[in-house]
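Note that the sequence shown covers residues 125 to 517 in my numbering.
Remarks on the structure that follows.
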Amino acid sequence: MSKHEHGFRDLETRLDELRSRQLFRTRRIVESPQGREIVVDGRSLLNFSSNDYLGLASDPRIAEAFQEGIQTWGTGSGASHLISGHTAAHHALEEELADFVERPRALLFGSGYAANVGVINALLSIGDQVFEDRLNHASLLDGGWISRADFQWFEHCDMDQLQCLVAQGTDRPCRRLIVSDGIFSMDGDKCRLDELIEIAHNTDSWLQIDDAHGIGVHGDHGKGTVDPVSYTTEDVPVLIGTLGKAFGTAGAFVAGEEALIETLIQRSRNYIFTTAMPAALACATSRSLEIVLHESWRRARLTVLVKRFQEGIRSLGLPMPQSHSPIQPLVLGETETTLSVAHSLEAQGCFVVPIRPPTVPVDTSRLRITFTAAHSEGDVDRLLEALNTACVE
125 MSKHEHGFRD LETRLDELRS RQLFRTRRIV ESPQGREIVV DGRSLLNFSS
175 NDYLGLASDP RIAEAFQEGI QTWGTGSGAS HLISGHTAAH HALEEELADF
225 VERPRALLFG SGYAANVGVI NALLSIGDQV FEDRLNHASL LDGGWISRAD
275 FQWFEHCDMD QLQCLVAQGT DRPCRRLIVS DGIFSMDGDK CRLDELIEIA
325 HNTDSWLQID DAHGIGVHGD HGKGTVDPVS YTTEDVPVLI GTLGKAFGTA
375 GAFVAGEEAL IETLIQRSRN YIFTTAMPAA LACATSRSLE IVLHESWRRA
425 RLTVLVKRFQ EGIRSLGLPM PQSHSPIQPL VLGETETTLS VAHSLEAQGC
475 FVVPIRPPTV PVDTSRLRIT FTAAHSEGDV DRLLEALNTA CVE
């Protein structure tokens with residue numbers, strides 16, 4: 125039977141192929157709130173697989189603001205922002221986020237994925253150009269492909285290659301957008317922001333930075349990788365931030381000039397044609413934003429934890445993560461080895477999810493270890509002991 129005649133009857137076969145290659149992914153059911161410890165399959169485990177970097181996902185102050193928001197606004201927004209779903213709570217949060225990153229306007233989206241795809245598609249179309257780091261988040265890559273612009277990617281943080289690619293297209297009039305993560309989600313390293321800005325300026329391009337893993341964690345008062353102390357809206361015209369990581373709630377925002385935000389309101393299908401997040405969630409995020417601004421000890425603790433972990437990794441002779449962020453990848457290479465070490469860690473009470481292709485390139489399977497402000501130095505030591513045991517078994 126030919127490929128086309130087969131239709132969808134090969135789905136189970138393809139799933140079996142994934143299982144045979146140890147690439148079949150399953151969901152683990154968590155039976156507790158997010159935190160330093162979570163309950164999985166009835167066991168309490170130290171959690172090193174969360175993006176809750178500042179330890180706010182279960183903060184009682186944010187929960188109280190959420191509950192008060194429900195009392196005021198109910199549980200659902202009932203419509204899209206352009207119909208009747210845009211409440212005073214949404215509007216207030218947008219203004220607070222704009223003030224936070226020191227930009228004229230901000231616009232809320234339901235998720236970081238929606239924001240990235242929606243922005244790129246609103247700005248680009250056939251005949252335009254988009255240039256992306258090869259290790260960008262899937263939402264950025266998908267946004268580039270779906271936009272129908274001429275899509276080119278450059279090797280991870282390879283500024284020479286990017287310069288050549290962009291220079292080749294400057295002889296024709298079009299919109300050019302350079303797109304990168306601020307902090308890369310699987311490696312924890314930073315983009316080469318100064319060089320990206322210079323290339324964009326020199327080639328009449330715009331720069332879009334998705335700072336999902338930087339907002340709240342890096343910069344003055346947690347204002348992110350694109351810290352307004354050093355960078356202007358002209359340097360980085362399109363800034364994306366998510367709220368479901370360091371802020372401990374959900375959703376995302378885009379920040380930039382007035383014209384950008386109004387263009388997104390008019391043209392971004394991911395914004396126009398989706399129900400607004402619950403207004404109560406906006407209330408909760410407003411409270412979270414206050415905490416992010418004023419409790420700098422959370423960022424300071426992350427610095428201490430990362431330093432202690434890297435010192436321990438060095439003493440164990442394990443591959444050193446090239447990251448100073450809370451994301452500390454331990455790249456083990458082979459999928460089978462990575463799964464084995466993850467299983468051993470869990471048996472010892474440490475929850476670290478193994479990351480395999482296609483999320484990461486072939487032969488770079490890893491343990492994506494993440495720290496939060498809720499962890500202690502003793503937790504780091506316990507993880508290091510468990511890694512030592514797992515890697516010699």
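We put the CB at the ideal spot given by N, CA and C, even for glycine.
* By how many angstroms is the C-alpha of E435 removed from the C-alpha of H455? -> The question names His, but residue 455 is Val in the sequence shown. Distance between the alpha carbons of V455 and E435 is about 17 angstroms.
* **Collapsed DSSP secondary structure at V486 in the structure displayed** => coil
* Asked: With a cut-off of 8 angstroms, do at least 3 Cβ pairs link the segment 259–269 to the segment 305–316?
  -> Yes: the two stretches touch, three or more of their Cβ pairs being nearer than 8 angstroms.
* To do: Could you check if V131 is buried or exposed, using at least 16 other CB atoms within 10 Å of its CB as the buried criterion?
  => For clarity, residue 131 is Gly in the given sequence; the question names Val instead. Exposed: under 16 other Cβ atoms inside 10 Å.
* Going along the chain, which residues of its own chain have a beta-carbon closer than 7 angstroms to the beta-carbon of C515, five neighbours each way excluded? -> L442, V465
* **Range covered by the beta strand (DSSP E) that runs through Q276** => 274–278
* Asked: So F475 packs on L169, CB below 8 angstroms; how close in whole Å?
  -> 4 angstroms
* Asked: From R143, T496, A498, S449, pick the residue whose C-alpha is nearest to that of K314; which is it?
  -> S449
* To do: Scan the segment 444–515 and note each continuous alpha helix (DSSP H) run of 4 residues or more that stays entirely inside, going in chain order.
  => 459–471
* Can you list the beta strand (DSSP E) stretches of 3 or more residues lying completely in the segment 307–385, in chain order? -> 330–334, 362–366, 376–380
* F433 - DSSP class collapsed to helix/strand/coil -> helix
* Asked: From T327 to L508, what does the alpha carbon distance come to, in whole angstroms?
  -> So the alpha carbons of these two residues sit roughly 47 angstroms apart.
* Among N175, R393, Q292, L367, which residue has its Cα nearest to the Cα of Q158? -> Among N175, R393, Q292, L367, the Cα nearest to that of Q158 is on N175.
* Would you tell me roughly how many angstroms separate the C-alpha atoms of T409 and I321, rounded to the nearest one? => 30 angstroms
* Asked: From this set, Q292, R152, E136, R138, which residue's C-alpha is nearest P478's C-alpha?
  -> Among Q292, R152, E136, R138, the Cα nearest to that of P478 belongs to R152.
* To do: Determine the burial state of R438: buried for a count of at least 16 other Cβ atoms within 10 Å of its Cβ, exposed for fewer.
  => exposed
* Does the beta-carbon distance from D183 to G372 come in below 9 angstroms? -> Yes, the Cβ-Cβ distance between D183 and G372 is below 9 angstroms.
* **Span separating the alpha-carbon of A203 from that of A212** => 14 angstroms
* Cβ of F255 within 9 angstroms of Cβ of S329? -> F255 is a Cβ neighbour of S329, given a cutoff of 9 angstroms.
* **Alpha-carbon to alpha-carbon, A181 and A189** => 13 angstroms
* **Beta-carbon proximity list for L367, same chain, < 8 angstroms, skipping 5 on both sides** => T373, A374, G375, A376, F377, T409, S412
* To do: Check the C-beta distance from S489 over to T462 and give it rounded, since I have them as a contact under 8 angstroms.
  => 4 angstroms
* Asked: Nearest CA to the CA of T399: which residue from A187, S144, A238?
  -> A238
* Best match in G251, D335, D284, R133 for proximity to W269 [C-alpha to C-alpha] -> G251
* So what's R562 in DSSP terms, helix, strand or just coil? -> No answer is possible for residue 562: the residues shown for the chain start at 125 and end at 517.
* Tell me S204's beta-bridge partners as DSSP assigns them. => Residue pairing from DSSP places S204 in a beta bridge opposite T399.
* **Cα-Cα separation, W277 to V341** => 27 angstroms
* Buried/exposed call for K431, threshold 16 Cβ in 10 Å -> Answer is exposed; the Cβ neighbour count stays below 16.
* Is N394 helix, strand or coil when you go by DSSP? -> helix
* Asked: Nearest CA to the CA of L264: which residue from I333, A379, Q191?
  -> I333
* Asked: Y395: which of D305, I207, R160 sits nearest, CA to CA?
  -> I207
* To do: Give the DSSP-derived three-state secondary structure of N240 in the structure shown.
  => helix
* Asked: Expressed to the nearest angstrom, what Euclidean distance is found between the alpha-carbon atoms of H325 and L511?
  -> 45 angstroms
* So what's E256 in DSSP terms, helix, strand or just coil? -> Strand at E256.
* When you compare each of L317, E358, S468, L147 to D282 by their alpha carbons, which one comes out closest? -> L317
* Asked: Buried or exposed: G348, going by 16 or more other Cβ atoms within 10 Å of its Cβ?
  -> By the neighbour-count rule (16 or more Cβ atoms within 10 Å), G348 is buried.
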